[in-house]
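Enquirer: Sharing a structure here in structure tokens format.
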Amino acid sequence: MTATQIKAPGIVSQMVNGILAIKPLANFAKYQARKMMIERAEKIGVPWRENVAELRKHDWENEFAQVNNPQLIYPEYYVRSFHAYEQGNLNWDAALEVESAAYAVHAKIWPDTGAKGDTQLRQAYHQVLEKQINIQPQNILDLGCSVGMSTFALQEIYPHAQVTGLDLSPYYLAVAQYSSREKNAKIQWVHGKAENTEFADASFDLVSAFLMFHELPQLPTIAILKEARRLLCPGGYLGIMDMNPNSEVYAKMPPYILTLLKSTEPYLDDYFTLNMEAALLEAGFNQPIITPISPRHRAIIAQVEN
1 MTATQIKAPG IVSQMVNGIL AIKPLANFAK YQARKMMIER AEKIGVPWRE NVAELRKHDW
61 ENEFAQVNNP QLIYPEYYVR SFHAYEQGNL NWDAALEVES AAYAVHAKIW PDTGAKGDTQ
121 LRQAYHQVLE KQINIQPQNI LDLGCSVGMS TFALQEIYPH AQVTGLDLSP YYLAVAQYSS
181 REKNAKIQWV HGKAENTEFA DASFDLVSAF LMFHELPQLP TIAILKEARR LLCPGGYLGI
241 MDMNPNSEVY AKMPPYILTL LKSTEPYLDD YFTLNMEAAL LEAGFNQPII TPISPRHRAI
301 IAQVEN
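So this is what it looks like as structure tokens:
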């Protein structure tokens with residue numbers, strides 16, 4: 001099987017796809033998924049609505065103007081509903097709520113971690129990075145950086161590195177830029193496409209992607225892997241943290257919960273049926289190391305030949 005071949009999703013997943021093809025049912029599923037997330041966040045002590053109300057007081061249009069690239073043409077796969085937002089990632093609601101959402105989504109990865117589940121997940125990924133990467137990266141690129149949670153975390157473990165965060169959403173980047181000032185963090189924020197970053201060849205010695213690839217169709221995924229290979233210096237590394245398609249959690253997920261999940265993640269079948277190992281090898285990386293880091297996530301480390 002080549003990396004670009006798409007395996008058919010399982011019977012339960014096909015059944016869920018049929019439900020979500022009916023727009024009123026899809027809209028109801030998105031509403032329920034969003035409601036469940038907000039309730040979970042506030043149950044574990046994350047004041048979702050209060051946080052968003054406080055953030056809305058800021059002058060976001062000025063932040064937006066500073067990071068937005070008006071020449072950027074958005075890929076077709078990106079201008080659709082994501083995460084229960086009809087405008088996907090291209091709106092203020094998504095950008096102002098994403099941090100609270102991360103705490104809610106990751107609260108139940110491990111028993112009794114609550115709001116600390118997100119931090120524990122990031123730490124698990126960074127432990128793999130530090131163990132399997134035998135260099136001290138000086139130039140780091142965080143692909144699909146969102147509002148910068150993964151970017152700030154990378155800077156913490158590599159404080160002497162120059163860190164760049166790239167994302168397709170100027171709304172997310174506006175929040176990231178605001179947060180970097182609050183944290184006094186010197187990070188470059190770039191509004192651009194991960195499959196065509198326009199950075200020079202061999203510009204980075206670590207490229208990282210935290211929870212990005214499950215939000216992509218297969219062809220852009222393969223293009224991004226090739227772009228990451230181009231951007232890396234000889235001996236550089238690509239680190240990926242994402243959902244683990246081999247996790248029993250997803251295999252045993254009740255159809256109702258799977259429906260809610262897929263209503264917010266339109267490319268989940270593409271991600272779960274992609275042979276990521278083969279795709280990395282075809283993109284020019286050495287044999288990747290795949291490490292489960294939570295009951296439902298994995299880290300992948302792939303190196304470029306010296």
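Residue numbers (full-length UniProt numbering): 1 to 306. Don't be surprised by glycine CBs; every beta carbon is placed ideally from N, CA and C. The structure presented is a predicted model; accordingly, all values stated were derived computationally and were not measured.
Apply the 10 Å Cβ neighbour rule to residue 178 and answer buried if 16 or more other Cβ atoms are within range, or exposed otherwise.
Expert: Here residue 178 corresponds to residue number 178 of the sequence shown, with the count starting at 1. So residue 178 ends up on the buried side.
Enquirer: Run through DSSP, which three-state label would residue 300 get?
Expert: Stepping through the sequence shown from its first residue, residue 300 is reached at position 300. The answer is strand: DSSP assigns residue 300 an E or B state.
Enquirer: Are residue 209 and residue 240 closer than 8 Å when you measure CB to CB?
Expert: Locating residue 209 in the sequence shown gives position 209, where the first residue counts as 1. Locating residue 240 in the sequence shown gives position 240, where the first residue counts as 1. A contact, by the Cβ cut-off of 8 Å.
Enquirer: What three-state label does DSSP hand residue 314 in the structure shown?
Expert: This structure leaves residue 314 out entirely; the chain is present only between 1 and 306.
Enquirer: Counting only runs of 3+ residues fully inside the UniProt domain "Methyltransferase" (140–236), write out the beta strand (DSSP E) ranges in chain order.
Expert: Entirely contained in the UniProt domain "Methyltransferase" (140–236), the beta strand (DSSP E) runs reaching 3 residues are, in chain order, 162–167, 187–191 and 204–210.
Enquirer: How far does the alpha helix (DSSP H) with residue 294 in it extend, from its first residue to its last?
Expert: Taking the first residue of the sequence shown as position 1, residue 294 is located at position 294. Premise fails: residue 294 lies in the beta strand (DSSP E), 289–294, not in any alpha helix (DSSP H).
Enquirer: Between residue 4 and the rest of its own chain, which residues show a CB-CB distance below 6 Å, the 5 nearest in sequence each way excluded?
Expert: Taking the sequence shown and counting its residues from 1, the one referred to as residue 4 is at position 4. Only weak support exists for where residue 4 lies, its pLDDT of 46 falling under 50; the coordinates are left without a value.
Enquirer: Spatial neighbours of residue 74 within its chain, please: C-beta separation below 8 Å, excluding the five flanking residues on both sides.
Expert: One-based indexing of the sequence shown puts residue 74 at position 74. Contacts found: 90 and 168.
Enquirer: With burial defined as no fewer than 16 other Cβ atoms inside 10 Å of the residue's Cβ, what is the status of residue 304: buried or exposed?
Expert: Here residue 304 refers to the residue found at position 304 of the sequence shown. Classification for residue 304: buried.
Enquirer: May I ask you to report which of helix, strand or coil DSSP gives residue 73?
Expert: Taking the sequence shown and counting its residues from 1, one reaches residue 73 at position 73. In the structure shown, residue 73 sits in coil (DSSP, three-state: anything other than H, G, I, E or B).
Enquirer: Please classify residue 281: does DSSP put it in a helix, a strand, or coil?
Expert: For the purposes of this step, residue 281 is taken as residue 281 along the sequence shown, with counting starting at 1. Reduced to three states, the DSSP call for residue 281 is helix.
Enquirer: DSSP three-state label for residue 238, please.
Expert: Counting from one through the sequence shown, the residue named residue 238 turns up at place 238. Here residue 238 sits in strand by DSSP.
Enquirer: Alpha carbon to alpha carbon, what distance is there between residue 172 and residue 71?
Expert: In the sequence shown, residue 71 corresponds to position 71, counting from 1. In the sequence shown, residue 172 corresponds to position 172, counting from 1. Cα to Cα, the separation comes out at about 17 Å.
Enquirer: State whether the segment 213–228 contacts the segment 250–257, with contact taken as three or more CB pairs (one from each stretch) at a distance under 8 Å.
Expert: no
Enquirer: Across which residues does DSSP place residue 64 in a beta bridge pair?
Expert: By 1-based counting over the sequence shown, the position of residue 64 is 64. For residue 64, which the question treats as bridged, DSSP gives no partner whatsoever.
Enquirer: Assuming residue 197 contacts residue 231 under a Cβ cut-off of 8 Å, what Cβ separation, rounded to an integer in Å, is found between them?
Expert: Sequence index remark: in the sequence shown, residue 197 carries index 197 (1-based). Sequence index remark: in the sequence shown, residue 231 carries index 231 (1-based). Between residue 231 and residue 197 the Cβ distance is about 7 Å, and since that is below 8 Å, they are a contact.
Enquirer: Go ahead and pull the three-state DSSP assignment for residue 103.
Expert: On the sequence shown, residue 103 is found 103 positions in, with the first residue counted as 1. DSSP places residue 103 in helix when its eight states are reduced to three.
Enquirer: Per DSSP, what are the beta-bridge partners of residue 85 in this structure?
Expert: Residue 85 sits at position 85 when you count from the first residue of the sequence shown. Under DSSP, residue 85 forms a beta bridge with 82.
Enquirer: Counting only the same chain and skipping the five closest in sequence on each side, list residues whose C-beta sits under 8 Å from that of residue 157.
Expert: Stepping through the sequence shown from its first residue, residue 157 is reached at position 157. Taking residue 157 as the centre and dropping the five residues before and after it, the same chain places the C-beta of 126, 129 and 130 closer than 8 Å to its C-beta, in chain order.
Enquirer: Among 32, 149 and 190, which one has its Cα closest to the Cα of residue 103?
Expert: On the sequence shown, position 103 is the one that residue 103 refers to. Among 32, 149 and 190, the Cα nearest to that of residue 103 is on 149.
Enquirer: Check whether the segment 43–63 touches the segment 276–293, taking contact to mean three or more Cβ pairs, one atom from each stretch, closer than 8 Å.
Expert: Because the criterion of three Cβ pairs below 8 Å is not met, the segment 43–63 and the segment 276–293 do not touch.
Enquirer: Give me, in chain order, the residues of the same chain whose beta-carbon lies closer than 6 Å to that of residue 6; leave out the 5 immediate sequence neighbours on both sides.
Expert: Within the sequence shown, the letter at position 6 stands for residue 6. Since pLDDT at residue 6 reaches only 46, below the 50 mark, its modelled position is unreliable, and the value read off the structure follows with that caveat. So the qualifying residues of the chain are 273.
Enquirer: Use the C-beta contact count for residue 80: other C-beta atoms within 10 angstroms, 16 or more gives buried, fewer gives exposed.
Expert: As a first step, residue 80 is located in the sequence shown; it is residue number 80 there, counting from the start. Exposed, by the Cβ-count rule.
Enquirer: Going by DSSP, what residue range makes up the alpha helix (DSSP H) through residue 267?
Expert: Here residue 267 corresponds to residue number 267 of the sequence shown, with the count starting at 1. Taken as a continuous stretch (DSSP letters only), residue 267 belongs to no alpha helix (DSSP H), as it is neither H nor E.
Enquirer: Taking C-alpha atoms, which residue in 139, 43 and 180 lies nearest to residue 108?
Expert: Start at 1 with the first residue of the sequence shown, and residue 108 comes out as number 108. Among 139, 43 and 180, the Cα nearest to that of residue 108 is on 43.
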